[in-house]
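Working notes, beginning with the structure itself.
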């Protein structure tokens with residue numbers, strides 16, 4: 001059966017379906033760009049096996065992570081340190097939304113005491 005095996009729970013079918021669609025898409029890319037084609041029956045078996053393998057790997061990784069000791073939380077104070085002499089400091093940051101062309105940037109200029117200049 002394509003959708004589930006006996007030892008696996010029914011509630012994993014949305015993940016399984018998503019994985020199968022992804023592996024079919026990957027095969028389509030191989031056909032389009034490399035000319036590698038699989039027979040339909042082989043493709044169904046391959047995609048099903050890959051999805052099952054991925055889900056089993058995910059389950060094992062999740063179990064391993066849930067058994068790990070959580071790291072101790074450390075709090076640290078972040079603050080301004082006065083600059084030497086008459087130095088100024090500019091902090092900048094930016095973000096872009098991949099492929100859309102949308103981007104933004106910002107900056108702040110501070111004097112040696114941390115007072116915003118603009």
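Residue numbers (the numbering used here): 1 to 118. All residues carry an ideal CB built from backbone N, CA and C; glycine is no exception.
(request) Can you tell me which of the three DSSP states residue 30 falls into? (result) Counting from 1 along the chain shown, the entry for residue 30 is found at position 30. In the structure shown, residue 30 falls within a helical segment according to DSSP collapsed to helix, strand and coil.
(message) Alpha carbons only, please: which of 66, 45 and 117 is nearest the one belonging to residue 107?
(response) Locating residue 107 in the chain shown gives position 107, where the first residue counts as 1. Of the listed residues, the one whose Cα sits closest to residue 107 is 117.
(request) Could you please give the first and the last residue of the uninterrupted beta strand (DSSP E) stretch that includes residue 115? (result) Mapped onto the chain shown, residue 115 falls at position 115. Premise fails: residue 115 is in no beta strand (DSSP E) and is neither H nor E.
(request) Check residue 4 in the structure and name its three-state DSSP category. (result) Your numbering for residue 4 matches position 4 in the chain shown. Its pLDDT being 49, under 50, residue 4 is placed unreliably by the model, and the measurement read from it follows with that caveat. Three-state DSSP puts residue 4 in coil, outside helix and strand.
(request) Could you tell me which of 101, 60, 12 and 80 sits nearest to residue 109, measuring between CA atoms? (result) Taking the first residue of the chain shown as 1, we reach residue 109 at position 109. When 101, 60, 12 and 80 are compared, the shortest CA-CA separation from residue 109 is found for 80.
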